[in-house]
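A.B. asks: Please find one structure pasted underneath; my questions will follow.
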Amino acid sequence: MAKGFLPTTWNEGTEYYKKFSGFDIIFISGDPYYDHPLNGVSIIARLLDAKGYKVAIIAQPLKDDDYKACGKARSFFCISSGLLDSMLANYTPMLHKRENVLVPERALMVYTQKIKEAYKGCMTVLGGVEATLRRFTHFDYRTNELRRGILNDTKADILIFGNGDRSILTLLERMKKAEKKEKETDFEKVRDTLDLKSVNGIAFRIKKEEIDPNIRMLPSYEDCIKVKMKLNLLTRMHYLLPENSFIEPCGLGFIQHNRASHTLQEKELDLVYELPFTRQLHSKTKNIEFQQDMLGKLDSSVVIGRGCWGSCTFCVIPLVQGKEVAKRSKESILKEIELLYAQGKSTINDLTLATLNMYGSYCTLYDSPEQIYSPLIEQEITVYNKTKYCNQQCVGCQYRKVSTDLVPILEGVEKLQIKYKGRRLELRSAIRHDIILEQKDMFRKMMKFITRLKIAPEHISKEVLQQMNKSNPEAFKEFLTFYKQVNKEQKSKKHLVPYFIAAHPGTTRKDMEILKQFCKEEDIYVNLTQVFTPTPGTISTAMYYTEENPLTRKKVYVPRTFREKKDQKNILLDDDSEDFSDGSG
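Each residue of the sequence shown is one higher than the one before, counting from -17 in the working numbering.
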């Protein structure tokens, strides 16, 4: 076994843990075992190990025997397709099958079935990106039809959505009590002891007589099948009320979705990202050379937070990581950077956050304090709730406070680079160009650590940007002027890397011609253009399915044929090769 890795087999468990007689929790993942803080399964597994649980990871299972490598989990199996929805992993935007993909189609269904076949009566918990995106009735691009929420399709027992750190620890603590009381872990027999209704961030089946009349009822799967616009209603409800509880009918049953977990606090995030990751791929990784090429320079990146409040209608990040930005402390971030420098890393390849210049920002509408217990740091903490309704349009909102907290971190890095000669930091995460116009001095500081600046204007057409919920064209034009000014001030020629989307709902060929002309006039080099791929759970996907914007309720033109999608991309790129991006934001 590679030194420092968590066990991946029963025999490795006997070497890793003292008095070993079985694993408490076993993770099944479609991703390779990359023991790095960018890997969700590795994060949760390391956290549970640190809390005294016996943990194993079965990565990329292909054969029936792979699922039996670690025996039966005492508490439950936690099942994830990995960092990408398995259907997006398997198919291109043109629905061509991708090569070298080891995660199966409908991975959560396959993995859950295999585990239940191998171990009768075991408890199964879904988690990760695919579970989060597909927890409600959703449009499936591969089959061009609606599908039921993933709990219905998999028959798993519980689903953890969004940030699962607190949720999974809470479940495991309650499983301990249930095991003492019931002497077993069969889900139906311990279900009442778990008190699932009080665990934030999970979904589970309930009976009709258990329904709380105070919880909002979503349109049923059957309603959405009969009336297309019911999917828009469902999407609008969970988009405008992202932290609320819901009940969703399907067939004769019901799924209760508890309120989302509160944003993690600094101390919690510091604990998580200071865990002893090896930052390496496990030596038993399948097609390891290919995986190492894919991971590239990620090993020296430093995660500084989670979440994004940009509210782009096509993006899954707010669904998966939350709309509020959780941040690590400056001290914790600099501690990790110094450790990497001291270990000989010559370059830190990014301070990772979905939108780098959102670090430290917050919404003042979260003004209602609540005391909760944090199983991460094992003490009471204060979290804040938003009691006033809002339209979730965060950019430009008077209640949204934009921060420059990144500046002291960059100043701290500069001091470390004096101490550790020859070391450097390169910022690679994308920024929001419209927000940075309120952070001009911070941008000047950031530019000193940037080689290629990533931004995501996505388009220049005002009508298209409105459907994407992106800033207006004037903001991009103003940014370009400012960017050139800073380059001139600093006597540099930093490259701009803009991301654009073709064939998003509302986009025509004419719109792409206008974008091409704009890029030509502004001398913008274009090589990163993704064809919009309908991703479960997003506003844009509901738009694609219904040809109506769920928020404005206005009709939207939808490019549907593969020919038009390719044409739109090719207009911008002057290229007929296929786009292999996933379109998830």
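All C-beta atoms, glycine included, are put in the ideal place defined by N, C-alpha and C.
Small disclaimer: the values here were computed from a predicted structure and weren't measured.
Between the Cα of TYR366 and those of ALA71, TYR481, LYS397, LEU246, spot the shortest distance and give me the residue it belongs to.
C.D. replies: TYR366 has its Cα closest to that of LEU246, out of ALA71, TYR481, LYS397, LEU246.
A.B. asks: Quick check: the segment 514 to 524 against the segment 290 to 299, are there 3 or more CB pairs under 8 angstroms?
C.D. replies: Yes: at least three Cβ pairs fall under 8 angstroms.
A.B. asks: If I measure Cβ to Cβ from GLU460 and keep anything under 7 angstroms in the same chain, skipping five residues before and after, which residues do I get?
C.D. replies: The residues are LEU419.
A.B. asks: By a C-beta neighbour count over all protein chains shown, 10 Å radius and 16 as the cutoff for buried, is GLU112 buried or exposed?
C.D. replies: Buried is the call here.
A.B. asks: Could you pull out every residue in the same chain whose Cβ sits closer than 6 angstroms to the Cβ of ARG382, ignoring the five residues on either side in sequence?
C.D. replies: If we look at ARG382 and ignore the five residues flanking it on each side, its Cβ neighbours are CYS345, CYS376.
A.B. asks: For the segment 277 to 296 against the segment 352 to 370, are there 3 or more C-beta pairs whose distance is under 8 angstroms?
C.D. replies: Flag = no, the segment 277 to 296 and the segment 352 to 370 do not touch.
A.B. asks: How about the segment 129 to 143 and the segment 183 to 196: do they share at least three Cβ pairs that are nearer than 8 angstroms?
C.D. replies: Yes, they touch.
A.B. asks: My understanding is that ARG414 touches THR337, with C-beta atoms under 8 angstroms, so please give their C-beta distance in whole angstroms.
C.D. replies: About 5 angstroms; that satisfies the 8 angstroms criterion.
A.B. asks: Between ILE391 and LYS312, what straight-line distance do the alpha-carbon atoms span, to the nearest angstrom?
C.D. replies: Taking the straight line joining both Cα atoms gives about 6 angstroms.
A.B. asks: Closest to SER411 by CA distance: which of TYR341, ARG88, LEU301 is it?
C.D. replies: Per the Cα distances, TYR341.
A.B. asks: Looking only at its chain, what residues have a beta carbon closer than 7 angstroms to the beta carbon of VAL615, apart from the 5 residues adjacent to it on each side?
C.D. replies: Missing from the structure shown is residue 615; the chain here goes from -17 to 567 and no further.
A.B. asks: Which partner residues of HIS239 appear in the DSSP bridge assignment?
C.D. replies: Answer is ALA185, PHE228, bridged to HIS239.
A.B. asks: What is the DSSP secondary structure of GLN512, reduced to helix, strand or coil?
C.D. replies: Three-state DSSP puts GLN512 in a strand.
A.B. asks: Given a cut-off of 8 angstroms on the beta-carbon distance, is the pair LEU128 and LYS33 in contact?
C.D. replies: No, the pair does not count as a contact, with Cβ atoms beyond the cut-off.
A.B. asks: Using the Cβ count rule (16 or more neighbours within 10 Å means buried), how would you classify LEU580?
C.D. replies: Past the edges of the chain, shown from -17 to 567, lies residue 580, and the structure says nothing about it.
A.B. asks: Give the DSSP-derived three-state secondary structure of PHE482 in the structure shown.
C.D. replies: PHE482: strand per DSSP, three-state reduction.
A.B. asks: Use the C-beta contact count for SER356: other C-beta atoms within 10 angstroms, 16 or more gives buried, fewer gives exposed.
C.D. replies: By the 10 Å Cβ count, SER356 comes out buried.
A.B. asks: Determine the extent of the alpha helix (DSSP H) in which HIS220 is found, giving its start and end residues.
C.D. replies: Residues 211 to 222.
A.B. asks: So is LYS305 buried or exposed if we call it buried at 16+ other beta carbons inside 10 Å?
C.D. replies: Looking at its Cβ environment, which holds 16 or more other Cβ atoms inside 10 Å, LYS305 is buried.
A.B. asks: Check for me: the alpha helix (DSSP H) holding PHE500 runs from which residue to which?
C.D. replies: Where PHE500 is concerned, the enclosing alpha helix (DSSP H) stretches over 491 to 503.
A.B. asks: In terms of residue numbering, what span does the alpha helix (DSSP H) encompassing ARG545 cover?
C.D. replies: Here the alpha helix (DSSP H) through ARG545 covers 544 to 555.
A.B. asks: Beta-carbon separation of ILE568 and PHE236 under 8 angstroms?
C.D. replies: What is shown of the chain runs -17 to 567, which leaves residue 568 out entirely.
A.B. asks: Is the segment 20 to 40 close to the segment 48 to 55, with three or more CB pairs under 8 angstroms?
C.D. replies: They touch, by the three-pair rule.
A.B. asks: Might you give, ordered along the chain, the residues of its own chain that have their beta carbon closer than 6 angstroms to the beta carbon of LEU510, omitting 5 neighbours on each side?
C.D. replies: So the list reads TYR481, once near-sequence residues are dropped.
A.B. asks: Could you give the first and the last residue of the continuous beta strand (DSSP E) run that contains ASN(-7)?
C.D. replies: No beta strand (DSSP E) contains ASN(-7), which is instead part of the alpha helix (DSSP H) from -8 to -2.
A.B. asks: At which residues does the alpha helix (DSSP H) containing ILE437 begin and terminate?
C.D. replies: Element bounds for ILE437: not the alpha helix (DSSP H) but the beta strand (DSSP E), 434 to 440.
A.B. asks: Look up LEU77 in the DSSP assignment and say whether it is helix, strand or coil.
C.D. replies: Coil.
A.B. asks: How big is the Cα-Cα spacing for VAL540 and ASN269?
C.D. replies: VAL540 and ASN269: Cα-Cα distance of roughly 39 angstroms.
A.B. asks: One question on the structure: do PRO516 and PHE121 come within less than 8 angstroms of each other, judged by their Cβ atoms?
C.D. replies: Result yes, Cβ atoms of PRO516 and PHE121 sit closer than 8 angstroms.
A.B. asks: Kindly indicate the opening and closing residues of the alpha helix (DSSP H) around GLN467.
C.D. replies: Looking at the DSSP string, the run of the alpha helix (DSSP H) that includes GLN467 is 455 to 471.
A.B. asks: Hey, could you find the ends of the alpha helix (DSSP H) ASP205 is sitting in?
C.D. replies: Its alpha helix (DSSP H) spans residues 203 to 208.
A.B. asks: With distances taken Cα to Cα, identify the nearest neighbour of GLY22 among LEU108, TYR221, GLN550.
C.D. replies: Selected option, being the one with the closest Cα: LEU108.
A.B. asks: Per DSSP, TYR60 forms a beta bridge with which residues?
C.D. replies: One detail in the question is off: residue 60 reads as Cys in this sequence, not Tyr. DSSP, once it has assigned bridges, lists PHE9, VAL107 as partnering CYS60.
A.B. asks: Taking buried to mean at least 16 other C-beta atoms within 10 Å of its own C-beta, is TYR527 buried or exposed?
C.D. replies: TYR527 is buried by the Cβ-count criterion.
A.B. asks: Measuring alpha carbon to alpha carbon, tell me which residue in TYR101, ASP423, SER68 is nearest PHE59.
C.D. replies: Of the listed residues, the one whose Cα sits closest to PHE59 is TYR101.
A.B. asks: What separation, rounded to the nearest whole angstrom, lies between the Cα atoms of ILE319 and TYR371?
C.D. replies: Roughly 40 angstroms between the two C-alpha positions.
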